[in-house]
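Heads up, the thing below is written out as structure tokens.
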Amino acid sequence: MKNCPTCRAEYADDATSCTACGQPFDSPPIEIRTSGLAISSVLLATLVPLLCFFLTQLPWVGVLLAGFGMIAPALAMVLGIASLVQIWTSGGKLNGTGYASLGIFIPLLVMGIPCLLAILHLRQSGLAFRMTCGTNLSRIGKAMLIYAHEYDGKLPQAGGENNLWAQSLPAWYVYDRQKAYGLDSSTTQGRVTPQSSLYLLVKYAEVTPHQFNCRANQDVSIFRLSDIRTLQNKDATLIDLWDFGPHPQEYCSYTYHWPFDDYALTTDRDPALAIAADRNPWLINTEPEQNTWDSFLPDNESYQGRTKDARMGNSPSHHSDGQNVLFLDSHVAFEKRSFCGVNDDNIYTPAGNADPNATSSKGLRPVRFDMSPSNRPKSKRDSYLVQ
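The sequence shown begins at 15 in this note's numbering and counts up by one.
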């Protein structure tokens, strides 16, 4: 038995042609060459980027080489694919599939590793922000209980017993409490923000402003007196103030349970009541469009919404994956749905009826600065977190 010089298949001694490839044995043997495209591909994928890297210190020439070094991997992949096609259609006259494969694989590996690292970094950053945010709320919750112990079980409530929901305090930097909240003669009604109630923890419970900042909120900064140019009293300290500056929403990442009327917080409420969390998705910057609100449907038995419909009700602070929620018993949990309060109550909306035990997994659409009965908690079990 002998081997065909073209395809190396075995044939009988008396055969006149190869039964595998049909090559006549009396014709001259076919020369098998390595594909030049395949060799060019592997060179571009390996040597050229290295050469360009070492020559980047040269003026002008180095800049041009650096630019070529960046596009060389893409060219290597194109040449690698072209050489594979050339080899497969050559009828055995070309080889070099190994070189071509390297020319394709090496650029994918070089470009893929940074992309993978970037994705892992983003995921780790998101998890780190989520954990830091949860730690902030946990410290805030403990400070609230300390505060409540000093104030007969009442959690922080700025102003008087009944207040109007304002965009900012009448005077957030004065020493007089009555002037700060614009309290009436009976000192029972003033104008407050939800953040001004949280600021009482800075003023009286030694919580620092940076603990009210979730790094996942790019539009929220840490409150610093040095950043407030309108502050007239240059000797003022944090404990002299009554809110996070003239625009408190820019310095506080968290919502707080409705602090304006009879449903202000006390420690005798249901321990599972949500009292603070990441920002309310319906009260950020501009009011949501009606079709956006209509599209929000909890994915439970009552509403039969889809996952993406339910996620619309999550806080945007963590890419709508969920929200860190502080409960009255001071524990913090990352909840994947906004209807995570007592009896699956939606923590960002008022319930839809006046039942003494009213809760709702969707509730009514929240309205900023609205003090009407429809925009208030409907019961002591109805969480409504606002900012």
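Glycine residues also receive a C-beta, built at the ideal position from the N, C-alpha and C atoms.
Next item on the list: Over the uninterrupted beta strand (DSSP E) stretch that includes D313, give me the two end residues.
Entry: Counting along the chain, D313 falls outside any beta strand (DSSP E), and DSSP gives it neither H nor E.
Check: Using a beta-carbon distance below 8 Å, is P208 in contact with chain B?
Finding: In summary, chain B is missing from the structure at hand, where a single protein chain is found.
Notebook entry, point to check: Between L214, I118, G259 and W272, which lies nearest to Q401 when the distance is taken from Cα to Cα?
Noted result: Of the candidates L214, I118, G259 and W272, the one whose C-alpha sits nearest the C-alpha of Q401 is W272.
Notebook entry, point to check: Between G50 and the rest of its own chain, which residues show a CB-CB distance below 6 Å, the 5 nearest in sequence each way excluded?
Noted result: none
Check: With C-beta atoms as the reference, is L183 less than 8 Å away from Y195?
Finding: Going by C-beta atoms, L183 is nearer than 8 Å to Y195.
Note to self: Quick check: the Cα distance between Q181 and M385, rounded to an integer number of angstroms?
What the structure shows: 13 Å
Check: Do the CB positions of P170 and L214 come within less than 8 Å of each other?
Finding: A Cβ-Cβ contact shorter than 8 Å links P170 with L214.
Next item on the list: Using alpha carbons as the reference points, say which of Y161, A288, Y268 and F258 lies closest to E220.
Entry: Y161
Item checked: Extent of the continuous beta strand (DSSP E) to which R205 belongs -> Q203 to V206
Next item on the list: For Q138, name the three-state secondary structure that DSSP assigns.
Entry: For Q138, the predicted model reports a pLDDT of 49, less than 50, meaning its position is unreliable; a value from the coordinates is still stated below. If DSSP states are grouped into helix, strand and coil, Q138 belongs with the helices.
Item checked: Buried versus exposed call for W102 [16 or more other C-beta atoms within 10 Å across all chains shown] -> exposed
Checklist line | Counterpart residues of K350 in DSSP-defined beta bridges | finding: None; K350 has no bridge partner.
Next item on the list: Examine the Cβ distances between the stretch 198-212 and the stretch 227-235 and report whether three or more of them are shorter than 8 Å.
Entry: Too few Cβ pairs lie closer than 8 Å, so no.
Next item on the list: Determine the closest residue to L212 out of K193, C21, N150 and D359, with distance taken between C-alpha atoms.
Entry: N150
Check: Applying the criterion that 16 or more other CB atoms from any shown protein chain within 10 Å of the CB defines a buried residue, is V99 buried or exposed?
Finding: Classification of V99: exposed, given that the 10 Å Cβ count is below 16.
Note to self: Taking 8 Å as the threshold (C-beta atoms), are K392 and P364 in contact?
What the structure shows: Yes.
Checklist line | Residue closest to E264, alpha-carbon to alpha-carbon, out of S240, Y362 and S235 | finding: Closest by alpha carbon: S235.
Checklist line | C-alpha distance - L57 paired with C35, whole-angstrom precision | finding: The straight-line gap from Cα to Cα measures roughly 33 Å.
Next item on the list: Ignoring anything shorter than 3 residues or poking outside the stretch 145-197, list the beta strand (DSSP E) runs there in chain order.
Entry: Within the stretch 145-197, the beta strand (DSSP E) runs of at least 3 residues that lie entirely inside it are, in chain order, 176-179.
Note to self: Please report the straight-line C-alpha distance between L141 and S240, rounded to a whole angstrom.
What the structure shows: 31 Å
Next item on the list: Could you check if Q304 is buried or exposed, using at least 16 other CB atoms within 10 Å of its CB as the buried criterion?
Entry: exposed
Next item on the list: Please name the residue in G94, L93, A88 and T269 whose C-alpha comes closest to that of S329.
Entry: Closest by alpha carbon: T269.
Notebook entry, point to check: Rounded to a whole number of angstroms, what is the C-alpha to C-alpha distance between L297 and R382?
Noted result: 6 Å
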